[in-house]
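Residue numbers (full-length UniProt numbering): 3 to 324.
Below is one structure; the comments refer to it alone.
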Ligand code: A2P
C-alpha cells in the first residue's frame, strides 16, 4: 500500500496523520514531540480546536533553523464554522498561520459546510437559550472559491473540505476538486457510498475518529443517552488483532488503509502514538476485511453528527440527514 497520497502538484500527504482535537496545550506539545519522534509528518489541526499555538510550538522546535525539515511536514488546519463567509477566509487563515507560527500551510480545510455567526473572539456563539447562533446564509460555493483564491495567492499549498455529504462534494468538485475530503470514517460508520462518490470524483478521503473517538463518544453518550460501543473491543477486531499479533487500534487503522483512505488517529500516549503509525508491515486478509466491513451501522454509527451544537440542523447546508 502506498504510504502517501500524491496530490495534484506532486506534494505527498502521509496517509497516517496525527489528530490533535481535545488535547490541552501542555499535553499536546508533548504528544506532538512524541509523534515527530515516532515518524509522523502529517499534523491535523483546526482553528476551532483552539490549540494551534501549542502544535506550532512543537513543530517549530523540531524544524529549528533547518528549512528542509519544514518541507518534510504536512501541516493542516481548518476554517472555523464562524468564519464560513468568503470575506472572512483570509482573516481566519492568517490568524491560524500566526498562531502556528509557520510561513505557509500545506492544507487548509473548510471545517464544516454549515456556519455560525461571525462573532470576534467567540468561535461558538450561542443564543440565550443555549442554541447556536447559526448563520443560515452560507454560500458554500462562494466560500470554496475564496479558499481557492487563497491557494492561488500562495499562502497555502492545498485547499480542501470536511464534513461534506456526497451531494455537496459533487457541487464543490464542479468548481474545482478539493485536495481531500476529511470526514468521520470508522468501523461503525464506514460511509461506502460517500467513499465511492469521492473515488469517482477523484478526491482522496481522510478519516477522522478512525478509532471511534472515545472521548467524544462518551461525552455524547452522557448528553444523548445513546451508547456507542468501544470499537477496540469488538469481537472481529480483537480476533484479527490476536491472529496477526497486532493491537486492536492497528487493526482499525489498517482496515482504513486497505479501504484506500488516510486516517488521523489521535493519542497523547507515546506508546500508542508509536503503535498507530506502525501499520505498514502487516495485512488483513480478505476474510478479515469482510468481517470488519460487516460491522458498518451506516448513519446510526455516526458519532460526530454536530447535533451537540443545538439548532445546527436548521442550516440549509447541514450535511447529515437522520
Ligand atoms: P489516548 O490519547 O489516551 O491514547 P480517535 O483518533 O478516533 O479520535 O480516537 C482517539 C482516542 O483513542 C483517544 O481516547 C485515545 O486515547 C485513544 N487511542 C489512541 N490510540 C490508541 C491505541 N493505539 N490503543 C487504544 N486507544 C487508543
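The C-beta atom is built at its ideal place from N, Cα and C for all residues, glycine as well.
Here the structure is a predicted model, which means the values were calculated and not measured.
Alpha carbon of residue i to alpha carbon of residue j, nearest angstrom
i, j, result
"residue 317", "residue 117", "8 Å"
"residue 253", "residue 273", "16 Å"
"residue 120", "residue 140", "11 Å"
"residue 63", "residue 92", "26 Å"
"residue 28", "residue 289", "43 Å"
"residue 124", "residue 306", "21 Å"
"residue 90", "residue 148", "9 Å"
"residue 270", "residue 15", "22 Å"
"residue 196", "residue 210", "14 Å"
"residue 72", "residue 130", "44 Å"
"residue 87", "residue 42", "32 Å"
"residue 283", "residue 52", "35 Å"
"residue 106", "residue 230", "39 Å"
"residue 323", "residue 155", "36 Å"
"residue 134", "residue 313", "6 Å"
"residue 9", "residue 70", "19 Å"
"residue 61", "residue 79", "14 Å"
"residue 203", "residue 45", "25 Å"
"residue 234", "residue 22", "20 Å"
"residue 265", "residue 277", "14 Å"
"residue 175", "residue 95", "22 Å"
"residue 142", "residue 239", "38 Å"
"residue 65", "residue 31", "14 Å"
"residue 104", "residue 74", "13 Å"
"residue 221", "residue 232", "13 Å"
Proximity to residue i [Cα-Cα], best of the options
i, options, result
"residue 109", "81, 276, 41", "81"
"residue 193", "165, 178, 204", "165"
"residue 55", "42, 77, 43", "77"
"residue 5", "13, 18, 11, 12", "18"
"residue 49", "132, 207, 11, 112", "112"
"residue 167", "23, 13, 149, 319", "319"
"residue 304", "243, 185, 293", "185"
"residue 173", "132, 208, 115, 206", "115"
"residue 258", "237, 229, 292", "292"
"residue 311", "51, 60, 136", "136"
"residue 200", "183, 188, 187, 212", "183"
"residue 138", "11, 85, 46, 281", "85"
"residue 248", "238, 281, 236, 217", "281"
"residue 261", "212, 234, 218, 222", "212"
"residue 363", "70, 44, 132, 46", "For the chain, the structure presents residues 3 to 324; residue 363 sits outside this window and is missing."
"residue 12", "181, 171, 150, 143", "181"
"residue 47", "26, 302, 67, 238", "26"
"residue 219", "97, 122, 302, 128", "302"
"residue 83", "126, 66, 122", "126"
"residue 157", "97, 122, 169", "97"
Whether residue i touches residue j by CB criterion (9 Å)
i, j, result
"residue 20", "residue 250", "no"
"residue 190", "residue 214", "yes"
"residue 242", "residue 294", "yes"
"residue 152", "residue 163", "no"
"residue 37", "residue 279", "yes"
"residue 102", "residue 57", "yes"
"residue 187", "residue 207", "yes"
"residue 150", "residue 205", "no"
"residue 286", "residue 256", "yes"
"residue 40", "residue 275", "yes"
"residue 244", "residue 24", "no"
Any non-hydrogen atom of the ligand SAH within 8 Å of residue i CB
i, result
"residue 135", "In the structure on display, the ligand SAH does not appear, and the ligands it does have are the ligand A2P."
| query | Any residues whose CB sits closer than 6 Å to a heavy atom of the ligand A2P? List them in chain order? | reply | Those residues, listed in chain order, are 21, 211, 212, 213, 214, 215, 216, 217, 234, 249, 251, 267, 268, 269, 270, 271, 274, 277, 278.
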